[in-house]
Structure formats: C-alpha cells, structure tokens
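For reference, the structure discussed in these notes is given below.
4 protein chains.
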Amino acid sequence: MKTLINNNVKNIIRDTLKLDEALNSQEKQFKINTDFLSNENIENHKQLYKGYIDNFNKSNLKLDSVEKSQSNSNHSEFRSLKLDETYNLNGVYLHELHFANIGDPNSQIKMDSLSYMRLARDFGSFDNWQKDFLACCNAAQCGWAITYLNTYTQTYMNAMVDLHSNNVPFGSYPVIVMDVWQHAYYRDYLKDVNTYSRAMMKQLRWSVIEERVMKADKILQVIRGQV
Amino acid sequence: MKTLINNNVKNIIRDTLKLDEALNSQEKQFKINTDFLSNENIENHKQLYKGYIDNFNKSNLKLDSVEKSQSNSNHSEFRSLKLDETYNLNGVYLHELHFANIGDPNSQIKMDSLSYMRLARDFGSFDNWQKDFLACCNAAQCGWAITYLNTYTQTYMNAMVDLHSNNVPFGSYPVIVMDVWQHAYYRDYLKDVNTYSRAMMKQLRWSVIEERVMKADKILQVIRGQV
Amino acid sequence: MKTLINNNVKNIIRDTLKLDEALNSQEKQFKINTDFLSNENIENHKQLYKGYIDNFNKSNLKLDSVEKSQSNSNHSEFRSLKLDETYNLNGVYLHELHFANIGDPNSQIKMDSLSYMRLARDFGSFDNWQKDFLACCNAAQCGWAITYLNTYTQTYMNAMVDLHSNNVPFGSYPVIVMDVWQHAYYRDYLKDVNTYSRAMMKQLRWSVIEERVMKADKILQVIRGQV
Amino acid sequence: MKTLINNNVKNIIRDTLKLDEALNSQEKQFKINTDFLSNENIENHKQLYKGYIDNFNKSNLKLDSVEKSQSNSNHSEFRSLKLDETYNLNGVYLHELHFANIGDPNSQIKMDSLSYMRLARDFGSFDNWQKDFLACCNAAQCGWAITYLNTYTQTYMNAMVDLHSNNVPFGSYPVIVMDVWQHAYYRDYLKDVNTYSRAMMKQLRWSVIEERVMKADKILQVIRGQV
Numbered sequence: 074m075k076t077l078i079n080n081n082v083k084n085i086i087r088d089t090l091k092l093d094e095a096l097n098s099q100e101k102q103f104k105i106n107t108d109f110l111s112n113e114n115i116e117n118h119k120q121l122y123k124g125y126i127d128n129f130n131k132s133n134l135k136l137d138s139v140e141k142s143q144s145n146s147n148h149s150e151f152r153s154l155k156l157d158e159t160y161n162l163n164g165v166y167l168h169e170l171h172f173a174n175i176g177d178p179n180s181q182i183k184m185d186s187l188s189y190m191r192l193a194r195d196f197g198s199f200d201n202w203q204k205d206f207l208a209c210c211n212a213a214q215c216g217w218a219i220t221y222l223n224t225y226t227q228t229y230m231n232a233m234v235d236l237h238s239n240n241v242p243f244g245s246y247p248v249i250v251m252d253v254w255q256h257a258y259y260r261d262y263l264k265d266v267n268t269y270s271r272a273m274m275k276q277l278r279w280s281v282i283e284e285r286v287m288k289a290d291k292i293l294q295v296i297r298g299q300v
Numbered sequence: 074m075k076t077l078i079n080n081n082v083k084n085i086i087r088d089t090l091k092l093d094e095a096l097n098s099q100e101k102q103f104k105i106n107t108d109f110l111s112n113e114n115i116e117n118h119k120q121l122y123k124g125y126i127d128n129f130n131k132s133n134l135k136l137d138s139v140e141k142s143q144s145n146s147n148h149s150e151f152r153s154l155k156l157d158e159t160y161n162l163n164g165v166y167l168h169e170l171h172f173a174n175i176g177d178p179n180s181q182i183k184m185d186s187l188s189y190m191r192l193a194r195d196f197g198s199f200d201n202w203q204k205d206f207l208a209c210c211n212a213a214q215c216g217w218a219i220t221y222l223n224t225y226t227q228t229y230m231n232a233m234v235d236l237h238s239n240n241v242p243f244g245s246y247p248v249i250v251m252d253v254w255q256h257a258y259y260r261d262y263l264k265d266v267n268t269y270s271r272a273m274m275k276q277l278r279w280s281v282i283e284e285r286v287m288k289a290d291k292i293l294q295v296i297r298g299q300v
Numbered sequence: 074m075k076t077l078i079n080n081n082v083k084n085i086i087r088d089t090l091k092l093d094e095a096l097n098s099q100e101k102q103f104k105i106n107t108d109f110l111s112n113e114n115i116e117n118h119k120q121l122y123k124g125y126i127d128n129f130n131k132s133n134l135k136l137d138s139v140e141k142s143q144s145n146s147n148h149s150e151f152r153s154l155k156l157d158e159t160y161n162l163n164g165v166y167l168h169e170l171h172f173a174n175i176g177d178p179n180s181q182i183k184m185d186s187l188s189y190m191r192l193a194r195d196f197g198s199f200d201n202w203q204k205d206f207l208a209c210c211n212a213a214q215c216g217w218a219i220t221y222l223n224t225y226t227q228t229y230m231n232a233m234v235d236l237h238s239n240n241v242p243f244g245s246y247p248v249i250v251m252d253v254w255q256h257a258y259y260r261d262y263l264k265d266v267n268t269y270s271r272a273m274m275k276q277l278r279w280s281v282i283e284e285r286v287m288k289a290d291k292i293l294q295v296i297r298g299q300v
Numbered sequence: 074m075k076t077l078i079n080n081n082v083k084n085i086i087r088d089t090l091k092l093d094e095a096l097n098s099q100e101k102q103f104k105i106n107t108d109f110l111s112n113e114n115i116e117n118h119k120q121l122y123k124g125y126i127d128n129f130n131k132s133n134l135k136l137d138s139v140e141k142s143q144s145n146s147n148h149s150e151f152r153s154l155k156l157d158e159t160y161n162l163n164g165v166y167l168h169e170l171h172f173a174n175i176g177d178p179n180s181q182i183k184m185d186s187l188s189y190m191r192l193a194r195d196f197g198s199f200d201n202w203q204k205d206f207l208a209c210c211n212a213a214q215c216g217w218a219i220t221y222l223n224t225y226t227q228t229y230m231n232a233m234v235d236l237h238s239n240n241v242p243f244g245s246y247p248v249i250v251m252d253v254w255q256h257a258y259y260r261d262y263l264k265d266v267n268t269y270s271r272a273m274m275k276q277l278r279w280s281v282i283e284e285r286v287m288k289a290d291k292i293l294q295v296i297r298g299q300v
C-alpha cells in the first residue's frame, strides 16, 4: 500500500495519534408513556432494539480482522459485513431517536420554538410538515419517516426510508424519527399504519426534538462557515 | 389535520416565518486535472451529473403539489416521487463531492493535518483507512465509497453504498467521496475497479478534504454540546 | 421505431393476432383452518392481499398509456410504474400461494410423494430441506421463504426474499411459499418469527404442494426437451 | 426437528432417493458476431461472466456447511450467503441468456413465428413490445430488460431489473434478455444506453428466442393443466 498515495507525507506529529477503542454500542433506557401502544408492544420493541446493538457490535468487531484485500462486489466477507454493519447501525440509531421522541402525553409545540419555525419555514407551514411527514409514514415499505437536516440543500427535509438503509439521503442529521416498520404497530393497529402514525405524532416529545433542532441549526452554521 | 397534534400551540411569533423558495439545485463547475481519466470519460461524467440536477429539481418540484393524503406504500405518486427525489439528490451531492476531491496531480497529505490525524485515529492508522476505503471501492455494486462522520458513533467511518441510496447510514457528514459506479471507470479501465480506485486515491485533493474534515470536527463539537 | 429491427419480417399470418384484454387480477377465496393464527390476523391479512390486487391492476393499467419514449432510469413515470407493477404482482401471487399452502390441521407428507422425493433429492434429505427452509424464514427482512424450481440449475432451491421483489431469482416456479413479513405473525407471535414459521410448517397443505411439484417436474421435462 | 412437521410420514420408497451432486455451474462459450460492440468490450464481458460462475459455485458450496440454526435477518452467515447465491446465480443465468440472444447480424423475425405472435398478442402489437422493451432498457438502474413468461398472469411480460436481483418477478421463464448494466455498453457508448439498446435489438438472435418461446408455451400448457 506504500504506493497507494504519493509519498509527500510530512513527518510531524505522530504522537498525537491514538487508536480509539473498538466501537461498542451500549443499550440505553427509554421511558415511553403512552396509551397508544400496549406494554407488550413496547417491551417487544425494546428487545428488538437490543438485537440491533448486539449485531452492530458483532459485525463492526469482525470488520477489524476481515481480509480487506479480498474485498469484491460479488461475494466477499468484507461486503457482507459492511451491509450488516450499516443495517444494524441504522437500526440502533433510529430506534434510539424514535423511542426518545415519542410517548409524551403532554406533547406541546410552541410557535416560538426553533422546531416550529424551521419546519414552518422549510415546508411552507407547520401543517404542511405534518401532512408530508404523515405521507412518509404511510409510504415507507417497512421503514422509517424522518425529518432531518440535509447538509446539501441546507434545509430540513422529510425522508421515507425502506427497511433500515434503503432510500436514505447522504449528508443528514435526523431530528424527528418515526418507526413505521410493521413491528412498530401490528400488535396494536394491525395494518392501520395511518392511525398509528397519527397517534404517535400527537405525542411527539417536542422538548427532545427542540434540542436536536438547536444542534441541527448550529451544524448548518458550521457548514455555511458562520462558526 | 387540526386534530393531528394537540392544540397547545402558543401563538407568539408568526411574522418570523417565511416560506423559502423552492429548492433548486444549480450545476457547478469542476476542474479535474488528471492523466488517469480520459477527457471523454470526464466530459460524459459531467453530463451525467447534470441529469441528476434536472431530475432532482423536477421530482422535488412535483412533490409540492402531489396529493399527500393518497400516499401509501404499495402504489402512490408520493412514494414514487420520494424515491426519485432521494436518488437524484444523492446523485447530485455525491458527484459534486467526488469531482471536487479527485484529480489533484500534486496530491499531498500532511501528517499534521486534521484529515490525517482523524483517519489515523479512527481507523488505527492512515494505512488502515486506505485499505478499508479501497475495500469499500471494490465492494460496492455500482455505487460509492465514502468516508464520513457518523453522528451516532461520533467517529469517522467508511460507507459502501450501492447505487445512490442503498446501504446508506443515517446521520452522516461526508468528507471523502469516490464514485465507483461502472460509469466512472469503464471507459478507461473496463472492469478493473481496483486499479481505477488506486489511481483516484493517489490524486485525492486533500486541501478540499481538509476543509470538510474541519467542518466535520466542528459538527462533532456541536453534537457533543461543546459549542 | 421502423428502424429498430431489420425489415426482414415476412408477412404471413396477421389475422391470428388478437390483443388480449388487459390483465386484471381477481381476488380469490382461501380457507385457512388453523389454531396457530388468530382470526383477526387472518382477516387482516386477506384485506392486505386485496390491496395488492387493486394496486397491481391500477399500475398495470396505467402502463398501457404511459409515454414510453420518455422512460429513463433516474426519474420517469414508466420506471415508477414498473417498480409498482412488479412489487404488487409478486404481492398478489405470493400471498395466493401462501394462503393456499398453509393451515391444514391434517397436514401429512408421504414419503412416496413427488414433493418428498424431490426435496429429499435436491436438499440431501427431507430434514435438510426443512432446516434450510426454516433458515430462510428466519433470514428474510420482511419477506418470503420460497421453495421453487430454478429453471437454470434445474433443481428445487430455497429462496430468501426481502420485501416482495428483492433478492429474487430469475427463472423460477414456486411450489412452497411462506410469508415472513412482520404482518404475517406480529399480531400473534410478536418478534418470534421462528415459532411462527415452525407452526406454519407443521400445517403445510401437502396436497396442494404436490400438485405444484407435479407441474414443476413437467416444466423441467419441457426445459430439458423431454416433452 | 423431529417435531417440525407431524409424524404422519409413510415409509414407502426410500431407495429412490439419491442426493444429487453439489450444484456446479460450468462456463459456456458464446459467439457474438456484431459490429455494434468492440472486441475488448465483449472479451471483458465474458471475463465478468466467469466471475459470477466462480462466486455462485463458492457461495452455493458454503451454504452446504453453514450453521443454519443460527440464521437470522440482522446478521448471519446464512443470510449473507443466500444474498450472494441469488445475486451470482442470476448473474450467471442472465448473462448466458443475453450472450446467446444477441449479436446476430442476420437477425430476422418472421411474422408466423411463435415469438412474433406471442409478443404481438400480449403487448397489443410487435411494435408495442419493442417500445416497451426499449423503455425497460432505458429505465433499469444498472440491470436488465427481460421478456418472460409470468406463471401467474400466464402472459409474456417485460421486466425491468435493477442490479441482478432487485425488482424481479417471482414465477418467471425468461425468453429475451438484454444486459443494461453500464458494464455492457460504457466502453462503446458511454452513457447512451438508448443507442446501445436499439443496436442490440436490431441483432436479436430470433432463432434462439423462438426455441425459448416454444418451451415457454409448453410450460404454459403445463401450468394450465393441458399437458
């Protein structure tokens, strides 16, 4: 690999380099307080989430020692592990964001909140955002509806994700996340994803979302070179 | 939709809300100076990129007026347009990042650069990053190899993307982008994606990458609440 | 289009050509007699199946009049409709095959049946087929486990399909079909796809499967030029 | 696994069961005689095809010994191997069908051929089939356009496949196959898939296609219980 890049590498600070420990995702705890989901649904969902953590940690760990020079697009351990790594990583991340932003029986959004203003600005009105987000919930094929900052358009957009990692925008910071896999609602709603989604949207935990949007807005300032 | 969320919306600042103009992506110009790609390859590639811009603008515009209440996961105009919007948006964004970070005949990475240090830290060594990135180039099925900041793991990771939007991590800020669709190399390399990728990696425009990594590191500070 | 193919078309029998009526899929009735699924699960599942019929008919009909010369891979109505046509067509076909081959409380397979002999032959033993099929049930990401005749290998193989149309072999005649979308089992089994699949496998309607295998074997004779 | 299905298995003919040898795909030779593709394109394409054979054989062989009881949908060797098996199997099969049905400089279709009559019948006219097939060529995202007998609709339909195994109908017997991966045309046509496809369609080897359609028609008779 010596010849991979040219040799104009200047030797200056080697000692600042420390290898981080292997990535290791840890299970988090969530309180979901809602009459719109049964306890067994919630409990089952948390166990599912644990599975993604385990499998992300496993696939990520195996990638450390896989033979990378044998990688190819048709059949290689590297490719298989990368598929699983991304799939499970998204599974972990999106579930954590979902659990943290649903189930608030006192859900309330203020019109002077950054969340409200940004959604209203980028979707025309807050109501437009709601309709568009609900449309994403109804359109995903076992997947996710996600409001996120797109680092290319520099606006908040809605994504409709299939499974965990298909139809996903690159360059994204998620702020509102709704699980619309069938596992999220079938126990309680059977095929009625629309009613489930509306119920969840009524109880969005806007205090958590607000913190995310505040970070997203700072990220936007960074991208624009304003910070 | 009145009942979608509860009514505890406080009326405070309405006048700050202004609807942004429709998203409209504009073609950018890139200078790619390399002996490793033929002119006709480069010229063809730029025309392909234009196509993504046109189609992102078209699909995004149509989404403004599509009937969202008819959205469903089996067959709906909303779903079709969202698929195309994300596909073309990634097509635009990733091509711009790719064109901007290749084709530097004086490519040089300094060991005291943030890019070098971050890659060395998160991949164990700079050489490990190179091997892993090349493995991603070889593993993608008509897609992309991308080094990016993952906003969940808070580390720099490599992604192996199929087509434009499959196997994509959510929560990402891309810093090094390599097009490994067959359209990127077949004219000049036929099926030898490995030689093509190594050639491109020798001429990475590290000055551009450094700016991206500096932003990525600030984004990380935002996420960690340090800014 | 005159020039698309060469003009050596001989005019002989024009009058034998009659345009078939538009494809129009009709809902079929199924009796599923099992203690392993709740009635509401079964009823909900049948309604879901109806949705695929409607959407296959709709997308197929629209394809008749869509502007085909505008077709392209980035954003075109033709492409969107073809995606939906195949997705819903598989949704219809596979559900019909699934409903027809489950729910037999008197399930019984005879060792002198063609089904038994073919599965035993092509999987090493009948037990191997069972283990492999169950592994497919557990491995699909919202999808299907399917035993089918592969027209290339000319053997019976198991397929693990994601959603309705991903990871699907070309050249196939399905003989045993199991729905392992989460919608098939979550109401009754939550995330325990393994127990659900084993329960369904205990009640396979082998009389129906036998008829399919008899046809599959004849198809194989046709392919081999023996008929 | 004893309990997986009920025990009503009757012991009759055990000795008729013989385990077939492991599937092992062998490279075939093809003569492609055309001015529309460069020799280096054709040669490169044949080498690509060889790769699919090797990788199908490898993944299929590994599946014999993989631990099937560990199979799951998030991260398991069984799932990874099944993905690769189907991908490479389609890669082998479709390439063989493609090579065998292109490159006939004396291409000629007779109006009294079964191919002509069936395409005219099921697409309204032969010209309609041509336009629809070309639309599929233009619409696939690195994939295939395929005319095939659909065993559910019992008609000839066109499929637009992405990569090798996405958006694929279940229950299919392919009769006309066109490779529209970028690897098939970029060397000679750059991004002009339309001109490439029209060129290939002018030289379809209808004698080979006719044999396939004759088999497909017999398969249809089998499905309809007429044989």
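Protein chains in written order, with the working numbering: chain A, 74 to 300; chain B, 74 to 300; chain C, 74 to 300; chain D, 74 to 300. Quick reminder that beta carbons are idealized off the backbone N, C-alpha and C, glycines included. From a predicted model like this one, the values you see are computed outputs, not experimental measurements.
{"Query": "Taking the alpha carbon of Arg-191/D as the point to measure from, which residue in Phe-206/D, Tyr-229/D, Asn-179/D has its own alpha carbon closest?", "Result": "Tyr-229/D"}
{"Query": "Going by C-alpha distance, which of Phe-109/D, Trp-279/D, Asn-106/D, Glu-169/D is nearest Lys-123/D?", "Result": "Glu-169/D"}
{"Query": "What residues of chain D sit near Gln-299/B, judged by a beta carbon separation below 8 angstroms?", "Result": "Residues of chain D passing the Cβ test: none, with the nearest at roughly 33 angstroms."}
{"Query": "Check whether chain A comes within 8 angstroms of Lys-131/D, counting only Cβ atoms and requiring the distance to be less than that.", "Result": "yes"}
{"Query": "Using Cβ-Cβ distances below 7 angstroms, what residues of the segment 108–132 of chain D are close to chain A?", "Result": "Gly-124, Tyr-125, Asn-128, Lys-131, Ser-132"}
{"Query": "Alpha carbon to alpha carbon, how far is Ile-296/B from Lys-141/D? Give it in angstroms, no decimals.", "Result": "42 angstroms"}
{"Query": "Are the CB atoms of Asn-147/C and Asn-128/B nearer to each other than 8 angstroms?", "Result": "yes"}
{"Query": "How is Asp-235/B classed by DSSP in three states: helix, strand or coil?", "Result": "strand"}
{"Query": "Near Pro-178/B, what residues of its chain come up, given a Cβ to Cβ distance below 7 angstroms and the 5 sequence neighbours on each side ignored?", "Result": "Asn-106, Thr-107, Gln-276"}
{"Query": "Looking at C-alpha atoms only, which residue of Tyr-262/C, Ser-270/C, Lys-264/C, Phe-243/C is the closest neighbour of Asp-321/C?", "Result": "Lying outside 74 to 300, the shown extent of chain C, residue 321/C is not represented and no answer is given."}
{"Query": "Figure out for me which residue from Asn-240/A, Gln-181/A, Leu-187/A has the closest Cα to the Cα of Cys-215/A.", "Result": "Asn-240/A"}
{"Query": "Please say whether Arg-285/B and Val-234/B have beta carbons closer to each other than 8 angstroms?", "Result": "no"}
{"Query": "Please report the residue range of the alpha helix (DSSP H) in which Gly-124/D lies.", "Result": "112–138"}
{"Query": "Evaluate Glu-158/B with the Cβ neighbour count: other Cβ atoms within 10 Å of its Cβ, from every protein chain shown; 16 or more gives buried, anything less gives exposed.", "Result": "buried"}
{"Query": "Looking at chain B, is there any beta carbon in it that lies within less than 8 angstroms of the beta carbon of Asn-161/C?", "Result": "yes"}
{"Query": "Relative to the C-alpha of Leu-162/A, which residue among Tyr-125/A, Tyr-259/A, Lys-183/A is closest?", "Result": "Tyr-125/A"}
{"Query": "Does chain B have any CB closer than 8 angstroms to the CB of Arg-152/A?", "Result": "yes"}
{"Query": "Identify which residue in Ala-218/B, Ser-98/B, Lys-155/B has its Cα closest to the Cα of His-171/B.", "Result": "Ala-218/B"}
{"Query": "In this structure, does DSSP put Tyr-258/B in helix, strand or coil?", "Result": "coil"}
{"Query": "Please list the terminal residues of the continuous alpha helix (DSSP H) segment that includes Ile-292/B.", "Result": "279–296"}
{"Query": "How is the beta strand (DSSP E) around Tyr-221/D delimited, first residue to last?", "Result": "216–223"}
{"Query": "In chain C, which residues lie with their C-beta within 9 angstroms of the C-beta of Asp-157/B?", "Result": "Asn-147, His-148, Ser-149, Arg-152, Ser-153"}
{"Query": "Over what stretch of residues does the alpha helix (DSSP H) that includes Ser-245/D continue unbroken?", "Result": "Here Ser-245/D belongs to no alpha helix (DSSP H); instead the beta strand (DSSP E) covers 245–252."}
{"Query": "So, using beta-carbon positions, are Ser-111/C and Arg-278/C closer together than 8 angstroms?", "Result": "no"}
{"Query": "How long is the line joining the alpha carbons of Lys-104/B and Glu-283/B, rounded to whole angstroms?", "Result": "18 angstroms"}
{"Query": "List the residues of chain A that Leu-167/B touches, going by C-beta distances under 8 angstroms, in chain order.", "Result": "Phe-243"}
{"Query": "Can you tell me whether DSSP reads Thr-159/A as helix, strand or coil?", "Result": "helix"}
{"Query": "For Gln-120/C, count neighbouring Cβ atoms within 10 angstroms of its own Cβ and tell me buried if that reaches 16, exposed if not.", "Result": "exposed"}
{"Query": "Since Lys-212/D and Arg-152/C are thought to touch, with beta carbons under 8 angstroms apart, how far apart are those beta carbons, to the nearest angstrom?", "Result": "Just to set this straight, residue 212/D is Ala in the shown sequence, not Lys. Indeed they touch by this definition, with Cβ atoms about 4 angstroms apart."}
{"Query": "Taking the alpha helix (DSSP H) that Asp-108/D belongs to, which residues open and close that run?", "Result": "Careful: Asp-108/D lies outside any alpha helix (DSSP H) and carries neither H nor E."}
{"Query": "Does any CB atom of chain D fall closer than 8 angstroms to the CB of Thr-268/C?", "Result": "no"}
{"Query": "Please report the straight-line C-alpha distance between Asn-145/D and Ser-188/C, rounded to a whole angstrom.", "Result": "26 angstroms"}
{"Query": "Helix, strand or coil for Thr-226/D, going by three-state DSSP, please let me know.", "Result": "coil"}
{"Query": "Please identify, using Cβ separations under 7 angstroms, the residues of the segment 224–240 of chain B that lie next to chain A, in order along the chain.", "Result": "Thr-224, Tyr-225, Thr-226, Thr-228, Ala-232, Met-233, Ser-238, Asn-239, Asn-240"}
{"Query": "Grab the span of the alpha helix (DSSP H) containing Asn-145/A for me, first residue to last.", "Result": "From DSSP, Asn-145/A is part of no alpha helix (DSSP H); its letter is neither H nor E."}
{"Query": "Is the CB of Tyr-262/B under 8 angstroms away from at least one CB in chain A?", "Result": "no"}
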